[in-house]
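Residue numbers (the numbering used here): 1 to 198.
Spelled out as structure tokens, the structure:
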């Protein structure tokens, strides 16, 4: 296992023009659970099937444990997305499946609360995470996958400079069914474009 090339006791915080990203903390539970609950119908078509206790405190504690373990092992970094002015939680983005050696790659996944969608926050968040990935983690390639019907996610990735590379058949089990996904990727040094709101 390769260690992430930053000091682990200093959890990364990323600051953009309108948003801030930081790792989830135990005290985020209430705001996270409320935002996820009110956004459930908006999120469910694009996510793995929710467990019966998806938003419980026990599930939250297990989630926090996974975040800490993945970060300690250098395999993933989870961020929550906050409004830069109000400090309100907007959504989340994770850089996962981090690999070094001959691949030097990672995979991003993200979600946005329904009332915050379409305002450009996720495009900015993707830009911050890819910059962090290339500059601080020294990765060479960032991948993302999305269901072909997910027009919002496709726009986010394309505005952030990702290029579609192909179709992954029956790639992930989403909301109880195996779904095809488009594979997108961004290579270090390629131009990013994050000017339009998504």
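Quick reminder that beta carbons are idealized off the backbone N, C-alpha and C, glycines included.
Contact between the stretch 18-33 and the stretch 55-66 is present, with at least three C-beta pairs closer than 8 Å. Looking at the DSSP output, residue 187 shares a beta bridge with 141. Linking residue 188 to residue 159 through their CA atoms gives a straight-line distance of about 16 Å. Between residue 166 and residue 183, the gap from beta carbon to beta carbon is short of 7 Å. Collapsing the DSSP output to three states places residue 182 in a strand. If the five residues before and after residue 170 are omitted, its C-beta is found closer than 6 Å to the C-beta atoms of 178, all from its own chain and listed in chain order. Each of 149, 181, 103 and 128 was checked against the Cα of residue 12, and the nearest Cα belongs to 128.
Taking the Cβ atoms as the reference, residue 108 lies roughly 11 Å from residue 98, outside the contact range of under 8 Å. Counting only runs of at least 4 residues, the stretch 120-178 fully encloses the following alpha helix (DSSP H) elements, listed from N- to C-terminal order: 121-135 and 151-159. With fewer than 16 other Cβ atoms inside 10 Å of its own Cβ, residue 102 counts as exposed. Here residue 61 carries a helix assignment [DSSP, helix/strand/coil]. The way I'd put it, the stretch 110-130 does touch the stretch 77-92; three or more beta-carbon pairs between them come closer than 8 Å. By a beta-carbon distance limit of 8 Å, residue 113 contacts residue 90. Their separation comes to about 6 Å.
By the neighbour-count criterion, in which 16 or more other beta carbons inside 10 Å mark a residue as buried, residue 20 falls on the buried side. When the Cα atoms are used, residue 164 and residue 88 turn out to be separated by approximately 32 Å.
Here the alpha carbon of residue 14 sits roughly 29 Å from the alpha carbon of residue 174. By alpha-carbon distance to residue 67, the top candidate from 156, 124, 172 and 95 is 95.
Within the same chain, 145, 146, 147, 148, 167, 168, 171 and 172 come within 8 Å of residue 181 by CB-CB distance, once the 5 residues on both sides are set aside. Residue 106 places its beta carbon 7 Å or farther from that of residue 157.
Around the C-beta of residue 49, fewer than 16 other C-beta atoms lie within 10 Å, and the residue is accordingly described as exposed.
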